[in-house]
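Everything on this sheet refers to the single structure shown next.
Chains as they are written, first to last, in the numbering used here: chain V, 4 to 317; chain X, 1278 to 1518; chain L, 3 to 220.
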């Protein structure tokens, strides 16, 4: 009698332990699998609030999403200064920025023009050093550069006989218009004053109107057009040569939190972004900016079409 | 249209779509653009603008009404509020939005505080002047008929003040709808957003500007009209003139 | 932190006195030119319509419509249609803003004059123009000046919007937090408010003087 019970009890005990062990094994594998899947970091991606940045944000964001990363788009920032504050405070952990602005305006490291970085690489390295002070870093930079300019109506420039920025000294007065941050940036108006020593210059701050609109109306002499603006290709406008290179080397590089680069997911993130950056030539960026201006699609659609054609998304 | 084009060993640049003819030709009003973007640009902006305005006028009226009751009863609020109101209106609306930004951030609160402040002063003034304008004889006769203070207030003073109050509401509503467009300079919501987008385009985008402006003015006129109808409904005696 | 911005704003004003003065002149030029033009256009029209007791609907509708038009929209259309200099475009927009209160108030000022007085004057053989100038205008002056005061405050405050399209004046500072900081924006705003209040105050004195002139000693 006792033996029969004992045997049944032993069988039951064995079955139960086996079941429990199996259950534990299954849960362990599942959670390990789940844990592995959740270690891909969420990318909180921000951009500044103009079209080219929207397109860049979508390019990186969509490429990363295609590789399994979760991407949250976190609003648009009105200036580099605001974006820098946001990423340093953790409000976002990824955004595309122009290297010259980081090196010369945010970092303000080189105190005299003589020590300004003179090449794109030097600018990139300065920028990277700055970001690394704040637990951030830069990935590879794009081939294209999008810098400030002094854009004028070609007719006016010819009439006034100005070809380089230094030529402005010859003129009586020169009304230069740009976005508000330009006024205090060494890569913009402040540089024109202190490095070119142009004292006949006047700055008109424009928040809500395009320099091209005002140039067309002859309301200003020169405007801060950007080198990848679709309007730059038009014969109507010309840019003055920046013989002292104050407008800097403005390649784009993703600024991101160092934490995102940890482990195998970090490597995947890095290679994906670098693949995207490599494709962004001046021609490609100009084409995309032009498409956005002509409303051939939204920044999201344009980025998607570009990535798809280059096999980075389906 | 160019199809795919390969930049010598560089990236493939696809054709992105057809350029919008409205941008190309810059007509004052391309019906096609408006139809195409009604759903994704114009209608959401309109709805946001309605929400923003209703919030501002609603909150402003609520506070103003309570303040007017206090001010009417105790008569102490008039002078300081009057002075503050003058100062408020002398400040540019843009200033208020810009100054609040670092405090309340890129939120609707930043938009609402100045708008509520503006409506508050208009409505306070109008409500109080409406209440004060009730002739003494009318109050006397009400008292004579045996109405209590509260009854007199509710049935006589308040009702007679309605036209002035609604006049104030009309002004406040129209102003709010108009000033609300400026908020988009900082917080990109409401009908101000398409207006600013249109202005900032390399050639001011006429159709978007015209469409969004028409919506703002239309909204204001409709709101004004509705309030006028409300006034007529509430004061049927007013028509016998 | 918030209090410090307010305090720094007060410090900004003497620290940047010449900048603020220079910009202030810009605002004054724009605003007063607009007011002047608006008075030249709207005052005679309003007076005449009021005298004729015609165009009540126009006066009211204009005032409603004017309030509904956002200033930024007016500037946008002025830039598109007129293509003057930036100053000129902003001027046009501000004139359009200033006209409704001036027109409406001058209409009601004259329209509301005691009809008996007007009849008496007519009976004495005065011509219509004489009645308007010698009787109705003086009697309506307080209300006219009140309208001017409203327009002045409105135009001076709105002139700052020009700053976002490069129109100059104190608006340049207010729309430019990056260059001048919050303290600068607030400081410039104080200056605009001061400008508006001083102008309103001056017109208020004018209004009271007008009141006194038409009191029964004449």
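Beta carbons: idealized from backbone N, C-alpha and C, even for Gly.
Please confirm if residue i has its CB atom under 9 Å from at least one CB of chain X.
i, result
"residue 117 of chain L", "no"
"residue 33 of chain L", "no"
"residue 242 of chain V", "no"
"residue 290 of chain V", "yes"
"residue 294 of chain V", "yes"
"residue 64 of chain V", "no"
"residue 93 of chain V", "no"
"residue 233 of chain V", "yes"
Which residue or residues does DSSP assign as beta-bridge partners of residue i?
i, result
"residue 97 of chain V", "V:48 and V:259"
"residue 254 of chain V", "V:148"
"residue 1258 of chain X", "This structure does not reach residue 1258 of chain X, given that chain X is present from 1278 up to 1518, and the question cannot be answered."
"residue 240 of chain V", "V:156"
"residue 79 of chain V", "V:50"
"residue 84 of chain L", "Residue 84 of chain L pairs with nothing; no bridge assigned."
"residue 167 of chain V", "V:244"
"residue 74 of chain V", "V:46"
"residue 229 of chain V", "V:151"
So with Cβ pairs under 9 Å, would you call residue i a contact of chain L?
i, result
"residue 1369 of chain X", "yes"
"residue 1448 of chain X", "yes"
"residue 1459 of chain X", "yes"
"residue 195 of chain V", "no"
"residue 1497 of chain X", "yes"
"residue 56 of chain V", "no"
Reducing DSSP to helix, strand and coil, say where residue i ends up.
i, result
"residue 205 of chain V", "strand"
"residue 181 of chain V", "strand"
"residue 1464 of chain X", "coil"
"residue 284 of chain V", "coil"
"residue 1512 of chain X", "coil"
"residue 1396 of chain X", "helix"
"residue 140 of chain V", "strand"
"residue 278 of chain V", "helix"
"residue 317 of chain V", "coil"
"residue 131 of chain V", "helix"
"residue 20 of chain V", "helix"
"residue 1306 of chain X", "coil"
"residue 102 of chain L", "helix"
"residue 1406 of chain X", "helix"
Nearest to residue i by CA position, among the options, is which residue?
i, options, result
"residue 37 of chain L", "L:112, L:59, L:98 and L:169", "L:98"
"residue 1514 of chain X", "X:1437, X:1356, X:1448 and X:1371", "X:1437"
"residue 1410 of chain X", "X:1421, X:1392, X:1435 and X:1399", "X:1435"
"residue 182 of chain L", "L:5, L:4 and L:15", "L:15"
"residue 162 of chain L", "L:40, L:100, L:32 and L:131", "L:32"
"residue 257 of chain V", "V:267, V:151, V:268 and V:272", "V:272"
"residue 310 of chain V", "V:297, V:275, V:293 and V:298", "V:275"
"residue 102 of chain V", "V:62, V:146 and V:79", "V:146"
"residue 44 of chain L", "L:176, L:159 and L:102", "L:102"
"residue 95 of chain L", "L:194, L:63, L:164 and L:61", "L:164"
"residue 1451 of chain X", "X:1291, X:1357, X:1309 and X:1330", "X:1330"
"residue 184 of chain L", "X:1371, X:1476 and X:1395", "X:1371"
"residue 1477 of chain X", "L:112, L:167, L:193 and L:121", "L:167"
"residue 194 of chain V", "V:246, V:149, V:218 and V:68", "V:246"
Since residue i meets chain V, which of its residues come closer than 9 Å, beta carbon to beta carbon?
i, result
"residue 69 of chain L", "Those within 9 Å of residue 69 of chain L in chain V number zero; the least Cβ separation is about 22 Å."
"residue 87 of chain L", "220, 221 and 222"
List, in order along the chain, the chain L residues whose C-beta lies closer than 7 Å to that of residue i?
i, result
"residue 1483 of chain X", "82"
Is the CB of residue i under 9 Å away from at least one CB in chain B?
i, result
"residue 173 of chain L", "Here the protein chains are V, X and L, and chain B is not one of them."
Which residues in chain V sit within 7 Å of residue i, going by Cβ to Cβ distance?
i, result
"residue 111 of chain L", "The contacting residues do not exist; residue 111 of chain L stays about 37 Å from chain V at best."
"residue 1478 of chain X", "213"
"residue 1398 of chain X", "Under the 7 Å cutoff, chain V gives no residues; its nearest Cβ is about 27 Å from residue 1398 of chain X."
Along chain L, in chain order, which residues have C-beta atoms closer than 8 Å to that of residue i?
i, result
"residue 1474 of chain X", "Near residue 1474 of chain X there are no residues of chain L at all, since even the closest Cβ is about 11 Å away, more than 8 Å."
"residue 183 of chain V", "177, 178, 179, 180 and 181"
"residue 1364 of chain X", "195 and 199"
Just to make sure I have the definition right: I need the residues of chain V whose C-beta is within less than 8 Å of the C-beta of residue i. Which are they?
i, result
"residue 1291 of chain X", "308, 309, 311 and 312"
"residue 1287 of chain X", "282, 284, 286 and 287"
Strictly below 9 Å CB to CB, what residues from chain X border residue i?
i, result
"residue 297 of chain V", "1293, 1294, 1295, 1296, 1297, 1300 and 1301"
Taking Cβ-Cβ distances shorter than 8 Å, what residues in chain X pair up with residue i?
i, result
"residue 210 of chain V", "1462"
Step through the CB atoms of chain V and report whether any lies within less than 9 Å of the CB of residue i.
i, result
"residue 73 of chain L", "no"
"residue 166 of chain L", "yes"
"residue 1377 of chain X", "no"
"residue 186 of chain L", "no"
In chain X, which residues lie with their C-beta within 7 Å of the C-beta of residue i?
i, result
"residue 305 of chain V", "1293"
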